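Visitor:
Numbering (our numbering), first residue to last: 18 to 78.
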């Protein structure tokens with residue numbers, strides 16, 4: 018997988034994590050579970066991209 022896609026996934030993940038933190042700490046309060054779910058999604062994005070990239074590299078060798 019191209020390096021640019023991996024780098025872009027990290028930037029998207031950082032953006033998603035920042036949005037999750039924004040949801041957790043800004044009013045109205047009570048949205049914390051949604052914010053934590055958004056943060057978890059942001060953490061999973063690069064993990065999924067890197068695992069798919071590793072799987073793709075193994076397949077082509």
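C-beta: ideal position from N, C-alpha, C; glycine also. Note that the structure is predicted; figures quoted are calculated from it, not measured.
Report the CB separation of residue 3 from residue 37 in whole angstroms; it is logged as a contact under 8 Å.
Guide: The requested residue 3 does not occur in the structure, where the chain is confined to residues 18 to 78.
Visitor: Identify which residue in 49, 32 and 44 has its Cα closest to the Cα of residue 59.
Guide: Per the Cα distances, 32.
Visitor: Comparing C-alpha positions only, which one of 34, 24 and 22 sits nearest to residue 54?
Guide: Out of 34, 24 and 22, 34 has the C-alpha closest to the C-alpha of residue 54.
Visitor: Over what stretch of residues does the alpha helix (DSSP H) that includes residue 32 continue unbroken?
Guide: Looking at the DSSP string, the run of the alpha helix (DSSP H) that includes residue 32 is 20–42.
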